[in-house]
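Numbering (this note's numbering), first residue to last: -11 to 310.
Encoded structure:
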């Protein structure tokens, strides 16, 4: 990679993704013209020191990105990809919690739709809290971690490797792997704990509800797939980068997850009333079972959609590796 290529890659690092190609095209034309004009004046090819001097006078990658890109935001380009990922995960988690609470609230009040919708109306508040605290946390992190001091005598030949595109992709891959491993550990731990502590899945309704027979068939396959996915994610964390074999395995595990979810969804009943219990708090257990099963159905449909999207991503990665 030439000195100019490293410089352009460093500028790309600090640019908004949607504007990178257009800005880099314009910047490349400007630099090429300036370098050619200087070489024509000297009547010879430029030395590395002369190229570095032109790049230095052109501006530090951070400053150049600031001139071409949008005004600086609250969270800078270094932390923004991680912030955006954390925000999306937090919003999805808030939505999942809201749906679960809404189903339980409705089931606890004779299947009352008003109670269901009242609980669902709490989602905007939860999402706003997630947004606020995530933004504040990353803004503080960005300020605390900002150590870039652009000096007039900076040396383009000493551009850090982490600014270069290849390293950026590797860092992004490592961040995604960390998130995958964390959630994989939580998911596997949750699956292993549910049989002995059903309150983790059913909440206070675990006193009157039990899991339907379908789980006896598909619980072990679910645990095996979750453990295998965690192993693949841990491999990606230790050995980052694009690996066709690992992507193929990931795609196969997602396919297995899709099949399991489809079979479980086809059961149409995922919880049943505990023997001998007919009512809870003056409400029929049958209506509670109906509402909780409706919540499970929504959850499995969401799982199916997410799994299909992830499979599409893995297929696309395999095609780009060829």
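The beta carbon of each residue, even a glycine, is placed where N, CA and C say it ideally should be.
This structure is a prediction, so every number in the text was calculated from the model and none was measured.
Bounding residues of the alpha helix (DSSP H) (the contiguous stretch that carries residue i)
i	result
residue 244	232 to 253
residue 46	36 to 46
residue 10	8 to 30
residue 222	202 to 226
residue 182	Run containing residue 182: none; DSSP gives neither H nor E here.
residue 102	101 to 108
residue -2	-9 to 1
Assigned exposure category for residue i - 16 Cβ within 10 Å defines buried
i	result
residue 251	exposed
residue 1	buried
residue 6	exposed
residue 120	exposed
residue 135	Any answer about residue 135 is weak, because its pLDDT of 47 lies below 50 and its placement is not dependable; what the coordinates show is given next. Exposed, because fewer than 16 other Cβ atoms sit within 10 Å of the Cβ of residue 135.
residue 94	buried
Proximity test, residue i beta-carbon vs the ligand GDP heavy atom, cut-off 8 Å
i	result
residue 77	For the ligand GDP, the structure offers nothing, since it holds no ligand at all.
Member of the options whose CA lies at the smallest distance from the CA of residue i
i	options	result
residue 198	27, 258, 147, 88	258
residue -9	23, 300, 177, 117	23
residue 248	75, 210, 278, 232	210
residue 306	264, 237, 51	237
residue 303	-7, 232, -2	232
residue 123	287, 55, 143, 73	73
residue 180	71, 212, 170	212
residue 106	171, 86, 125	86
residue 11	55, 183, 31, 101	55
residue 125	71, 101, 44	71
residue 300	200, 147, 235, 116	235
residue 202	21, 9, 260	260
residue 313	208, 147, 30	This structure does not reach residue 313, given that the chain is present from -11 up to 310, and the question cannot be answered.
N- and C-terminal bounds of the beta strand (DSSP E) containing residue i
i	result
residue 199	197 to 199
residue 260	259 to 261
Contact belief for residue i with residue j at Cβ below 8 Å, rounded distance in angstroms
i	j	result
residue 296	residue 246	7 Å
residue 255	residue 214	About 19 Å; that fails the 8 Å criterion.
residue 3	residue 51	Incorrect: roughly 12 Å between the Cβ atoms, too far for contact.
residue 46	residue 19	7 Å
residue 78	residue 118	4 Å
residue 145	residue 40	5 Å
residue 262	residue 187	Contact doesn't hold; Cβ gap of about 13 Å is too wide.
residue -6	residue 142	With 8 Å as the limit, residue -6 and residue 142 do not qualify as a contact, their Cβ atoms being about 13 Å apart.
Exercise for the section: Decide yes or no for the touch test of the region 272 to 280 against the region 212 to 222: beta carbon pairs closer than 8 Å, at least 3 of them. Expected result: no
Practice task
Could you say if the region 182 to 198 and the region 233 to 247 meet the contact criterion of at least three C-beta pairs nearer than 8 Å?
Solution key: no
Practice task
Tell me, please, whether the region 15 to 29 touches the region 162 to 178 by the rule of three or more beta-carbon pairs shorter than 8 Å.
Solution key: no
Problem - the region 83 to 91 / the region 281 to 289 touching (three or more Cβ pairs under 8 Å) - result: yes
Handout entry: Three CB pairs or more closer than 8 Å across the region 74 to 84 and the region 20 to 35
Key = no
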